[in-house]
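Contents: one structure, followed by commentary.
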Amino acid sequence: LVLEGVRARQLQDALLMDKHMMESEIQQANASLNFFDMKAARIENQVFEILLRPGAETRRR
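In my numbering, the protein residues as written are 681 to 741.
This is the structure we're talking about:
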């Protein structure tokens, strides 16, 4: 019975460690997603600025 308790505790600790690692990976993925969203918005703004410049009509063709 004591051995089962020790194994259960070890399993619980391992699962908790996995949970923390997954949370960290999710946090890193969210940070990357936010970064790429900002980068895409910046590129989009640059494209619109280029298209709205005087003379841009001739460059589009």
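A virtual CB, placed ideally from N, CA and C, is assigned to each residue, including glycine.
Computed from a predicted structure; not experimentally measured.
In this model, Glu684 and Ala709 are separated by some 37 Å (Cα to Cα). Per DSSP, the continuous alpha helix (DSSP H) segment holding Gly685 begins and ends at 682–732.
Our two residues, Asp717 and Glu729, have alpha carbons roughly 18 Å apart in a direct line. It is roughly 30 Å from the alpha-carbon of Met702 to the alpha-carbon of Arg722.
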